[in-house]
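Visitor: One structure, as structure tokens, below. Some questions next.
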Amino acid sequence: MDWMTKVSMKARKEIISKHAGRYRKASKKGKMEILNYVCSATGLSRDRAARVLRGEKRPKTKHSSRKKSGRPRVYDFEVCQALKTIWTIMDFACGKRLAEAMEDILDALLRFGELRCSEDTLRKLRRMSASSIDRLLKKDKASLRLKGLSTTKPGTLLKRDIPIRLGQQWDDAVPGYVEVDLVAHCGASTAGEYVNTLNVTDICTGWTEPVAVLNKAQKHVFAGLMAVQDRQPFPYLGIDSDNGSEFINHELKRYCDQEGICFTRSRPYTKNDGCHVEQKNWSLVRRHIGYGRYEGQAALALLNQYYGLLRRYVNFFQPSTKLIEKQRIGAKVLKRYEKPQTPYKRVLADNHIPDTVKDNLTHAFQQINPAQLMRDMQRVKTELERYGLS
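The opening residue of the sequence shown carries number 1 in UniProt numbering; numbering runs sequentially from there.
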């Protein structure tokens, strides 16, 4: 039977205090006899009983002064706070994209006085790897997944005159071959008239131009395409659309024939044929504007004001990756990607773009404050939300 359960704490203290004085003065043999009695009476171990009889307190557990094993911490609180600021300005980009953009975004923020930190912090930010970025931001990351409605209606018999895009018809290595698509801001219902976003994505550089149109009427979509042509840094060489009547029409076909533009369409019910623009539909339009319903000229004007800011933010500061190679080995598919680059950097590196255009883009890039751009976008977005319908 366990003595600890039979002797109370009070009785144990009385026994110890009664024999402690005698124990300290006793001979070795006397101490052994007292110790035997105390252990049997209290249930304490011999070591513990000897300590309390001598009047010693229980030794406190001390934290080891020995340094912890492993690498010392490199990125301190100041570095983490600066990284979170940059990550927010970069719209919560992943580590690989943020690491490639770090040099440009740091230079821009320092140029406009948006970031104040020590030289040591700047040095650590510039050399930080993608995996370190992801590790330091792990607790702050969140995900969002939403789905929407499809509003594409079949085009006319003109589809027979517009060929399906084939590899030999397009030279994706040259800027100017674009995929186009409409994103509906219809909310939960496609009834009535609502604003749409025309999204134009260049396959070679990833340069993307969103523009809001009042509805899906052919004249509004065509006007949107002309507006994009005026502000993107290269002319149209090829246009690839889905089979909706907003694109498959005589006006756009006539324009492409006159300008020598290769006009093609995707296969019916095969969304992956327009995979580049479909990806931008999510990362640009849905991620920034959402799935609400927008109607009327006021919402249209605010959307285009927002897109005027967004196009500069995405094309100049948001790196993206491109698939270089895909190889199937048995049941596995190995994919190899190029280093993330902004569309702006891809345009500068392309030999088909005139130097005057590159100089104009470089000048425009130097004038953009990405932090102020984000604040302006947030201000317009807050105003736009007043016009959103469920």
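From the three backbone atoms N, C-alpha and C, an ideal C-beta is built for every residue, glycine too.
Owing to the predicted nature of the structure, the values given are computational and were not obtained by experimental measurement.
What residues match up with P210 in a beta bridge as DSSP calls it?
Guide: For P210, which the question treats as bridged, DSSP gives the partners N199.
Visitor: Could you tell me if L110 is buried or exposed, where buried requires 16 or more neighbouring beta carbons within 10 angstroms of its beta carbon?
Guide: Label assigned to L110: exposed.
Visitor: Under the DSSP definition of a beta bridge, which residues are partnered with L182?
Guide: In DSSP, L182 forms a bridge with L198.
Visitor: Could you pull the start and end residues of the beta strand (DSSP E) that K332 belongs to?
Guide: K332 to Y337 is the span of the beta strand (DSSP E), which, as asked, contains K332.
Visitor: Where are the alpha helix (DSSP H) runs, 4 residues long or more, that stay fully inside the stretch 6–34, in chain order?
Guide: The qualifying runs are 9–25.
Visitor: Kindly identify the DSSP beta-bridge partner or partners of L323.
Guide: BP columns for L323 point to Y337.
Visitor: According to DSSP, simplified to helix, strand and coil, what is R73?
Guide: Three-state DSSP puts R73 in coil, outside helix and strand.
Visitor: As a quick exercise: from K345, I324 and Q341, pick the residue whose alpha carbon is nearest that of K335.
Guide: Ranking the options by Cα distance to K335, first place goes to I324.
Visitor: Short of 6 Å in beta carbon distance, which residues of its chain neighbour M377, apart from the five on each side in sequence? Order them along the chain.
Guide: Result list for M377: L309, in chain order.
Visitor: Would you say P370 and I105 are within 8 Å of each other, going by their C-beta atoms?
Guide: Yes, the Cβ-Cβ distance between P370 and I105 is below 8 Å.
Visitor: Can you tell me the Cα-Cα spacing of R386 and C186, whole angstroms?
Guide: Cα to Cα, R386 sits roughly 15 Å from C186.
Visitor: What number of angstroms, rounded off, separates the C-alpha of Q305 from the C-alpha of Q318?
Guide: Taking the straight line joining both Cα atoms gives about 19 Å.
Visitor: Answer with buried or exposed for H276, where buried requires no fewer than 16 other C-beta atoms within 10 angstroms of its C-beta.
Guide: Its Cβ being crowded by 16 or more others within 10 Å, H276 is buried.
Visitor: What would DSSP say about I248, mapped onto helix, strand or coil?
Guide: I248 falls in the coil class under three-state DSSP.
Visitor: Looking only at its own chain, which residues have a Cβ that is under 6 Å from the Cβ of V357, when we skip the five neighbours before and after it?
Guide: Cβ within range, chain order: P233.
Visitor: Starting from S241, follow the beta strand (DSSP E) in both directions and report where the run begins and ends.
Guide: Segment G238 to S241, the beta strand (DSSP E) holding S241.
Visitor: Mapping the DSSP letters down to three states, classify T264 as helix, strand or coil.
Guide: It is a strand residue.
Visitor: S131 to L214, Cα distance in whole Å?
Guide: So the two alpha carbons sit approximately 44 Å from each other.
Visitor: Report all residues from its chain with a CB closer than 6 Å to the CB of I329; omit the five preceding and five following residues, and keep chain order.
Guide: No residues qualify anywhere along the chain.
Visitor: In chain order, what residues of the same chain have a beta carbon less than 6 Å from the beta carbon of A191, not counting five sequence neighbours either side?
Guide: Correct list: empty, nothing qualifies.
Visitor: Are L300 and A212 touching if we call contact CB-CB under 8 Å?
Guide: Cβ atoms of L300 and A212: closer than 8 Å.
Visitor: Spatial neighbours of Q341 within its chain, please: CB distance less than 6 Å, with the 5 preceding and 5 following residues excluded, ordered by chain position.
Guide: Only P319 meet the Cβ criterion.
Visitor: Helix, strand or coil for Y177? Go by DSSP, reduced to three states.
Guide: Reduced to three states, the DSSP call for Y177 is strand.
Visitor: Using C-beta distances below 7 Å, list every residue in its chain close to C50, excluding the 5 sequence neighbours before and after it, in chain order.
Guide: Looking at the sequence itself, residue 50 is Ala, so the reference to Cys does not match. Counting only Cβ-Cβ distances below 7 Å, and skipping sequence neighbours, we find L35.
Visitor: Taking just the CA atoms, how far does T42 sit from M9?
Guide: Between M9 and T42, the C-alpha separation is close to 9 Å.
Visitor: Considering only residues of the same chain and omitting the five flanking positions on each side of Q372, which have a CB-CB separation below 8 Å?
Guide: So the qualifying residues of the chain are F112 and E114.
Visitor: Quick check on I86: does DSSP put it in helix, strand or coil?
Guide: Residue state, collapsed to three classes: helix.
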